Amino acid sequence: MNPQAKLIFTASLLLGTTLTISSNHWIMAWAGLEINTLSILPLIAKSHHPRAVEAATKYFLVQAAASTLVLFSSMTNAWETGQWDITQMSHPASCSILTAALSMKLGLAPFHFWFPEVLQGSSLITGLILSTLMKFPPITLLFMTSQSLNPTLLVTMGILSVAVGGWMGLNQTQTRKIMAFSSISHLGWMATIIVYFPKLTLLNFYLYTLMTAAVFLTLNSMKVLKLSTLMTAWTKMPSLSSIFLLTLLSLAGLPPLTGFLPKWLIIQELTKQDMAPTAMIVSLLSLLGLFFYLRLAYCATITLPPHTTNHMKLWHVNKPVNILIPILITISLALLPISPMVLTIL
Numbered sequence: 010m011n012p013q014a015k016l017i018f019t020a021s022l023l024l025g026t027t028l029t030i031s032s033n034h035w036i037m038a039w040a041g042l043e044i045n046t047l048s049i050l051p052l053i054a055k056s057h058h059p060r061a062v063e064a065a066t067k068y069f070l071v072q073a074a075a076s077t078l079v080l081f082s083s084m085t086n087a088w089e090t091g092q093w094d095i096t097q098m099s100h101p102a103s104c105s106i107l108t109a110a111l112s113m114k115l116g117l118a119p120f121h122f123w124f125p126e127v128l129q130g131s132s133l134i135t136g137l138i139l140s141t142l143m144k145f146p147p148i149t150l151l152f153m154t155s156q157s158l159n160p161t162l163l164v165t166m167g168i169l170s171v172a173v174g175g176w177m178g179l180n181q182t183q184t185r186k187i188m189a190f191s192s193i194s195h196l197g198w199m200a201t202i203i204v205y206f207p208k209l210t211l212l213n214f215y216l217y218t219l220m221t222a223a224v225f226l227t228l229n230s231m232k233v234l235k236l237s238t239l240m241t242a243w244t245k246m247p248s249l250s251s252i253f254l255l256t257l258l259s260l261a262g263l264p265p266l267t268g269f270l271p272k273w274l275i276i277q278e279l280t281k282q283d284m285a286p287t288a289m290i291v292s293l294l295s296l297l298g299l300f301f302y303l304r305l306a307y308c309a310t311i312t313l314p315p316h317t318t319n320h321m322k323l324w325h326v327n328k329p330v331n332i333l334i335p336i337l338i339t340i341s342l343a344l345l346p347i348s349p350m351v352l353t354i355l
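Residue numbering for the sequence shown follows the numbering used here, beginning at 10 and increasing consecutively.
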C-alpha cells in the first residue's frame, strides 16, 4: 500500500477513536465509529487476496448493522427523554438495543461470529489494530453508559463470551483465530464487571491491549501464522521464543504475571457483590483458555515437529527486533508487584 494512503487511513483511525471517546453527544460518537470503520476497511483488504476482501466485506456489514443500532437506540432514547447526552441513557429498550449494538462492535458472544473470520483474513498488524484500537471506542461508550445498562444481560453475555472464547479456541491451528477467541474471552471478563466496577473494566482493557500487542508483534517478527510454523520458529529467534512462552502465560492470567492482576481484582469485586457463583463459573471457564495458551507455548518452545524441514537453521536474526517488543513483554510480565498502587488509583 502507498505510504501516503496508509498514513491517511491511520490518521483517520486515530481521529475516529478520539472523536468517539471525547464526545458527549450521540451523533458525534456515531460519526467517530463510522470514520473508524471506513478507515480500517482498506487496511484489511490491502493484500487484495480473496480472503482479505471477504474479511473486509464481513467487517463492513457487521459494523454497519451495529452502527445503525447505535443510532436507532440513541434516537429512541432522545424521542422518549429529550436527551442526546451519552450519559443520560435511561429508556430500558434503548439500553438493551445499545448493549446489543456495542456487543456486535466488540465481538462479544453471541455476536462474535464475524471476529475470528475477519482476523483470519487480515495481516497480523491489522489484526492487532482490530483486537485493540478498534475495541476502545465501544468499550468507552459502555463505560459511559454503564450505570444505565442491564446487569443480568451483560453478566450473561460475559459468561457466554468466556465460554465460547475458551471452547472454540481449543481446536484451532491458526494463530490469528486463536488470538481472536482469546480476545472474545477477555472481553467476557470485562463485560461481566462493567456495571459493578467500570474503572476495573478499563484497567482490564489497558492490560489486555499491552499483552495482546506483545503477542501480535512477536508473532509478526517471527512471521508465524499457524502452529506448524511456530514449531520451527525457535531456530530463528531462540530468546524471543523463550520469552514468548511467559507472555502467553501472562495472557492466560497465571500468577505472578501481569495478566493475573485484572482477573484477581474482578473475582474479588464479584465476590464483594455477592456473585461468588459467577466468579467461580468465569474462573473455571478461563481454564479452557489456559489450555490453548499452553498449547501455543508448548509449540513455541518445547516441541519440534516429527519431520523437521530441511532448510538452513537461522540462528541469528537478519533484521533487528522491533523495539516495542521488549518493552511490551516487560510490561506484560512484571506489573503484578505494583497492584497496591493500582488499587489506590481505582
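Beta carbons: idealized from backbone N, C-alpha and C, even for Gly. For clarity, every value in this text was computed on a predicted model and none was experimentally measured.
Check whether the Cβ atoms of residue i and residue j sit closer than 7 Å, and answer yes or no.
| i | j | result |
| --- | --- | --- |
| isoleucine 275 | phenylalanine 214 | no |
| isoleucine 106 | asparagine 33 | no |
| glycine 116 | leucine 128 | no |
| alanine 64 | serine 131 | yes |
| isoleucine 334 | leucine 162 | no |
| glutamine 18 | serine 48 | Correcting the residue identity first, residue 18 is phenylalanine in this sequence and not glutamine. Yes. |
| phenylalanine 170 | alanine 118 | Note that residue 170 is serine in the sequence shown here, rather than phenylalanine. In this structure, alanine 118 lies closer than 7 Å to serine 170 by Cβ. |
| threonine 201 | valine 164 | yes |
| leucine 294 | glycine 175 | yes |
| threonine 29 | proline 101 | no |
Go ahead and pull the three-state DSSP assignment for residue i.
| i | result |
| --- | --- |
| glutamine 183 | strand |
| histidine 121 | coil |
| lysine 114 | helix |
| histidine 100 | coil |
| lysine 235 | strand |
With residue i as the anchor, note down where its alpha helix (DSSP H) starts and where it stops.
| i | result |
| --- | --- |
| tyrosine 215 | 207-231 |
| alanine 61 | 59-90 |
| serine 259 | 247-261 |
| valine 351 | 348-354 |
| isoleucine 30 | 12-31 |
| methionine 289 | 285-306 |
| asparagine 159 | Careful: asparagine 159 lies outside any alpha helix (DSSP H) and carries neither H nor E. |
| threonine 310 | Segment: none, threonine 310 is in no alpha helix (DSSP H) and carries neither H nor E. |
| leucine 151 | 145-154 |
| glutamine 277 | 269-281 |
Give me the Cβ distance between residue i and residue j, rounded to the nearest whole Å; I'm assuming they're in contact under 8 Å.
| i | j | result |
| --- | --- | --- |
| serine 366 | serine 103 | With the chain running from 10 to 355 in the structure shown, residue 366 is simply not present. |
| threonine 182 | valine 233 | Going by Cβ atoms, the distance from threonine 182 to valine 233 rounds to 12 Å, so no, they are not a contact pair. |
| threonine 287 | isoleucine 168 | 7 Å |
| proline 125 | phenylalanine 190 | 6 Å |
| asparagine 45 | glycine 25 | 4 Å |
| threonine 267 | leucine 345 | 6 Å |
Does the Cβ of residue i lie closer than 6 Å to at least one heavy atom of the ligand MG?
| i | result |
| --- | --- |
| leucine 352 | Looking for the ligand MG in the displayed structure turns up nothing, as the structure carries no ligands at all. |
Between the stretch 257-269 and the stretch 292-309, do at least 3 Cβ pairs fall closer than 8 Å? Cβ pair count under 8 Å is three or more, so yes.
Would you be able to state if there are at least three C-beta pairs under 8 Å between the stretch 244-260 and the stretch 142-161? A contact is defined here as three or more CB-CB pairs under 8 Å, and the stretch 142-161 fails this definition with respect to the stretch 244-260.
Does the stretch 334-341 come close enough to the stretch 216-227 that 3 or more CB-CB pairs lie under 8 Å? Using a Cβ-Cβ distance cut-off of 8 Å, the stretch 216-227 and the stretch 334-341 are in contact, since at least three pairs of beta carbons, one from each stretch, lie closer than that value.
Would you call the stretch 196-211 in contact with the stretch 300-309, where contact means no fewer than 3 C-beta pairs closer than 8 Å? Contact annotation: the stretch 196-211 does not touch the stretch 300-309, with fewer than three C-beta pairs closer than 8 Å.
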